[in-house]
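Numbering (this note's numbering), first residue to last: 1 to 212.
Okay, here's the thing in structure tokens:
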């Protein structure tokens with residue numbers, strides 16, 4: 001009862017319970033985290049699918065939107081009207097990618113809190129020759145690098161900007177995250193990295209679906 005799971009404790013407590021059940025079966029908290037992450041992603045599959053679809057639709061409209069910006073760069077009011085008209089013609093909701101992500105946020109924060117404060121992860125081994133303690137940072141920095149690569153790949157897949165300067169800034173930010181997250185507990189990085197990989201798989205699935 002002393003453990004504080006933060007604002008989303010109502011979600012965090014069942015997640016912790018589920019992680020404990022997976023541990024009882026696998027006897028490994030690393031595998032339990034992997035299974036828990038997969039379950040959370042399955043529960044959030046529909047809203048994340050809607051978000052990924054909206055991003056792909058927005059990306060497809062970028063050439064036309066850039067042409068409109070160039071054509072009406074001296075008339076902002078007309079530009080806004082034409083962009084809204086373009087959205088209406090293609091039945092694209094500009095907020096379609098944001099709203100489903102907001103619905104997912106409480107689940108991700110709750111899971112993050114579970115992995116942050118769980119005493120059970122202290123000195124809990126995942127792969128003995130690699131991660132001997134899930135509550136401290138990855139000693140070989142493999143997870144931070146994998147996380148950074150997955151973030152860069154996700155950015156390249158979902159970015160709708162054609163401005164080279166903006167893309168360069170986003171690239172530098174993702175590289176900076178590798179160093180910022182390098183000292184996070186390995187259990188957290190395992191969750192973040194796997195979640196990124198599953199997002200990439202889902203995005204590729206959406207692309208294939210839209211191509212058909």
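A virtual CB, placed ideally from N, CA and C, is assigned to each residue, including glycine.
- Residue ranges of uninterrupted alpha helix (DSSP H) with 4 or more members, entirely inside the segment 48 to 136 and ordered along the chain, are 76 to 90, 99 to 117.
- Per DSSP, reduced to three states, the secondary structure at residue 10 is helical.
- Secondary structure at residue 183: coil, using DSSP grouped into helix, strand and coil.
- Taking the C-beta atoms as reference points, residue 197 is found nearer than 8 Å to residue 150.
- A residue is called buried once 16 or more other Cβ atoms fall within 10 Å of its Cβ, and residue 138 is buried on that count.
- In this structure, DSSP gives residue 2 a state outside helix and strand, which the three-state scheme calls coil.
- The beta carbon of residue 34 lies closer than 8 Å to those of 190, 194 in the same chain, with the five residues before and after it left out.
- The criterion of a C-beta distance shorter than 8 Å is not satisfied by residue 107 and residue 188.
- In the displayed model, residue 29 falls within a helix according to three-state DSSP.
- Selection 119, 121, 140 evaluated against residue 129 yields 140 as nearest (Cα-Cα).
- The residue among 201, 203, 40, 21 with its C-alpha nearest the C-alpha of residue 110 is 40.
- Counting the other CB atoms within 10 Å of its CB gives residue 203 a total of 16 or more, which places it among the buried residues.
- In this structure, DSSP gives residue 141 a state outside helix and strand, which the three-state scheme calls coil.
- The criterion of a C-beta distance shorter than 8 Å is not satisfied by residue 147 and residue 126.
- Taking every protein chain shown into account, the CB of residue 201 has fewer than 16 other CB atoms within 10 angstroms, so this residue is exposed.
- Short of 7 Å from the beta carbon of residue 72, and not among the five residues preceding or following it, lie these beta carbons of its own chain, in chain order: 78, 79, 82.
- The DSSP-derived three-state label of residue 168 is helix.
- Of the candidates 38, 56, 28, the residue whose Cα lies closest to the Cα of residue 156 is 56.
- Of all alpha-carbon atoms in 199, 208, 211, the one lying nearest the alpha-carbon of residue 46 is that of 199.
- For residue 120, the closest of 62, 23, 145 by C-alpha to C-alpha distance is 23.
- Rounded to the nearest whole angstrom, the CA to CA distance from residue 92 to residue 64 is 13 Å.
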